[in-house]
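Take a look at the structure below.
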Amino acid sequence: DQQVKQNSPSLSVQEGRISILNCDYTNSMFDYFLWYKKYPAEGPTFLISISSIKDKNEDGRFTVFLNKSAKHLSLHIVPSQPGDSAVYFCAARIQGAQKLVFGQGTRLTINP
Amino acid sequence: EAGVAQSPRYKIIEKRQSVAFWCNPISGHATLYWYQQILGQGPKLLIQFQNNGVVDDSQLPKDRFSAERLKGVDSTLKIQPAKLEDSAVYLCASSSRGAGGYNEQFFGPGTRLTVL
Chain P
10 DQQVKQNSPS LSVQEGRISI LNCDYTNSMF DYFLWYKKYP AEGPTFLISI SSIKDKNEDG
70 RFTVFLNKSA KHLSLHIVPS QPGDSAVYFC AARIQGAQKL VFGQGTRLTI NP
Chain X
5 EAGVAQSPRY KIIEKRQSVA FWCNPISGHA TLYWYQQILG QGPKLLIQFQ NNGVVDDSQL
65 PKDRFSAERL KGVDSTLKIQ PAKLEDSAVY LCASSSRGAG GYNEQFFGPG TRLTVL
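Each protein sequence line maps, in turn, to chains P and X.
Each residue of the first sequence is one higher than the one before, starting from 10 at the first, in the working numbering.
Each residue of the second sequence is one higher than the one before, starting from 5 at the first, in the working numbering.
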């Protein structure tokens with residue numbers, strides 16, 4: 010039962026362009042959505058989050074959009090930099106709990 | 005501020021052997037999590053502690069996995085006996101106990117387990 014899905018295992022983007030990573034979910038009880046970034050041999054690090062009562066949250070080059078009717082969220086990175094090359098995980102929190110449910114991850118490669 | 009510490013970083017064992025992982029969370033963090041990340045998948049929560057009590061262990065295979073959090077600080081996760089499908093990265097995370105909203109989870113570097 011995959012409640013959070015990232016359907017693109019990998020994405021390749023030119024440096025300076027926009028990177029768009031997508032995530033779909035099925036559980037209407039999720040109240041927070043998060044993006045984590047993971048480099049090899051390191052643990053995931055928190056990147057940006059959005060509450061289910063909002064539809065957009067922006068932090069520097071990173072913007073997360075939430076479309077509740079479509080149960081879809083996306084992460085935009087503008088402009089993309091070589092240091093952004095990593096695996097990105099979408100995660101969701103069930104209302105009333107701290108437990109996170111993660112997607113499978115998308116490997117982003119930024120080409121110079 | 006020191007991050008979440010885990011040891012060992014790597015472990016190779018044969019099936020049916022036992023193994024234990026250790027985690028030291030960020031000082032003052034009341035909540036501690038153990039996740040299992042199989043290659044090509046996202047982290048899956050195994051167990052969540054609040055201080056030294058278990059909050060959620062619904063996805064912990066209790067016939068072979070056990071975990072404890074001594075005095076509400078350090079934690080150990082044990083597998084006995086290990087199976088081939090236990091090969092994964094085991095991640096420990098911790099978070100503070102806030103009044104509401106989302107309390108960010110900070111992850112350690114993980115322990116990569118290979119079962120032969």
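Even for Gly, the Cβ is constructed at its ideal location relative to N, Cα and C.
Can you tell me which of P/S83, P/G92 and P/Q107 puts its alpha carbon nearest to the alpha carbon of P/S17? P/S83
In terms of residue numbering, what span does the beta strand (DSSP E) encompassing P/D40 cover? F39 to K47
Can you find a CB in chain P that lies within less than 8 Å of the CB of X/E108? yes
Nearest-angstrom Cα separation, counted from X/R68 out to X/S79: 17 Å
Buried or exposed for P/S58, going by 16 or more other Cβ atoms inside 10 Å? buried
When the Cα atoms are used, what is the spatial distance from P/H81 to P/L75? 6 Å
Straight-line CA distance for P/S61 to X/R20? 44 Å
Thinking C-alpha only, which one of P/L117, P/A101 and P/L56 is nearest P/D33? P/A101
At which residues does the beta strand (DSSP E) containing X/K15 begin and terminate? Y14 to I17
Neighbour flag for X/T115 against chain P, beta carbons, 8 Å: no
Give the secondary structure of X/L81 by DSSP, where H, G and I count as helix, E and B as strand, and everything else as coil. strand
Just the chain P side, please: which residues come within less than 9 Å of X/T118 by C-beta, in chain order? The contacting residues do not exist; X/T118 stays about 14 Å from chain P at best.
Listing by chain order, which chain X residues have their CB less than 9 Å from the CB of P/F111? Y39, Q41, Q45, G46, P47, K48 and L49
Terminal residues of the beta strand (DSSP E) in which X/N28 lies: V23 to N28
Where P/F158 meets chain X, residues with beta-carbon distance less than 7 Å: Past the boundaries of the shown model lies residue 158 of chain P; chain P is included only from 10 to 121, so the question cannot be answered.
The beta strand (DSSP E) spanning X/Q54 covers which residue range? K48 to Q54
Near-chain X residues of the stretch 47-74 of chain P - C-beta to any C-beta below 9 Å: K47, A50, E51, G52, P53, T54, F55, S58 and S60
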